[in-house]
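All remarks here apply to the structure that follows.
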Amino acid sequence: MAERKKALGRGLDSIFGSNVEQFLDDIQNNTSDLPGRRQIELKISEIRPNPYQPRKEFDPKTLNELADSIRLHGIFTPLLVRKSVKDYELITGERRLRAAKIAGLSTVPCIEVDFSEEEMMEISILENVQREDLNPLEEAAAYESLVKRLGYTQEKLAERVGKSREHCANMMRLLKLPQEVRDLVTAKKLTTGHVRPLLALEDEDAMVEAAQYILKKKMSVREVEKYIKTLLKDPEKRKKREVQKDPWIRDLENRMQDRLGTKVEVGTKSFTVSYQDTADLNRILDLLGLIEESE
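Using our numbering, you'd call the opening residue of the sequence shown number 289 and step up by one each time.
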């Protein structure tokens, strides 16, 4: 345990290696000699949520079940917090904190630890990835945070979360999907296996339209893979999908094209105006009244 004291400030890999679960158990079972560690009782109002919490969705049913247990037995495992300027920031224990509020508790048992911002972020994300049932998009966002904010390589990421490098890379690619498609995954209407092939289409509007078609036809993952390959190989099928646009959208495109004298494409939440060169762009901007006259 003494090595942990020397490791603080050098990244949590020096403190607990890849076993974050054992590290947390050591702290909460009072078997860790981590400096700055002390057990306290805090008012719930004194605890601020963890800004690095990767979980965005909490099942109301399981929270209420945990709240019922807390009413009867109390909180067995203290929350992990760190002191901030005015109050305390939660490191781990989001579900327990939310359930305690539902149960009507005013205070909760906590363990205060002396973590830096980086250490707080790293342990928060790793604890959730390794212990919690994150949905695919939450998991992908957690991986991206470790890579972008803490400089993890893909090799280190895979080692730390106990997954293959290919798995981590595939999960992070999901973040390139349009929000409408990601929402379908979060709502469990489509699986990651359904939406991953959509990335080959590249165009966001095409991805959204394909996802809606896949959902409507209740395709299997294998059927989706074949469908996307067909779209990529057969331009005529892609054109047919465009022909199926809402008549109002097509009419709007036509009116905009007549007004601007150039090609206009209206998608689900965006539209594209094409231009040939700088002179053509200036012509369009002038039609829109966006060019200021020089004095």
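Ideal placement from N, C-alpha and C gives every residue a C-beta, glycine not left out.
Excluding sequence positions up to five away, which residues of its chain have a Cβ less than 6 Å from the Cβ of E583?
A caution first: E583 carries a pLDDT of 45, below 50, which makes its placement in the model too unreliable to give a value.
By the DSSP assignment, the alpha helix (DSSP H) with L378 in it spans what residues?
Where L378 is concerned, there is no enclosing alpha helix (DSSP H), although the beta strand (DSSP E) it sits in stretches over Y376 to T380.
Under DSSP, the alpha helix (DSSP H) around V373 begins and ends at which residues?
Segment: none, V373 is in no alpha helix (DSSP H) and carries neither H nor E.
Measuring straight from C-alpha to C-alpha, what distance separates G362 and L330?
14 Å
What are the boundary residues of the beta strand (DSSP E) that includes V552?
Boundaries of the beta strand (DSSP E) harbouring V552: V552 to V554, taken from the DSSP string.
Measuring alpha carbon to alpha carbon, tell me which residue in E405, L434 and E468 is nearest A457.
Ranked by Cα distance from A457, the first of E405, L434 and E468 is L434.
DSSP on R543, reduced to helix/strand/coil?
Helix, per DSSP.
Is it buried or exposed for V401, if we count other Cβ within 10 angstroms and need 16 for buried?
V401 comes out buried.
Nearest to I572 by CA position, among P348, K551, D375 and F346, is which residue?
K551
Helix, strand or coil for L354? Go by DSSP, reduced to three states.
Three-state DSSP puts L354 in a helix.
Report yes if the C-beta distance between L393 and N338 is below 9 Å; otherwise report no.
Not a contact, by the Cβ cut-off of 9 Å.
Please state the DSSP three-state secondary structure of E490.
coil
What would DSSP say about Q327, mapped onto helix, strand or coil?
strand
Between which two residues does the alpha helix (DSSP H) holding I572 run?
T566 to L575
Beta-carbon proximity list for A430, same chain, < 7 Å, skipping 5 on both sides
P342, I413, N416, V417 and L422
Which class does R343 belong to by DSSP, given the choice of helix, strand or coil?
coil
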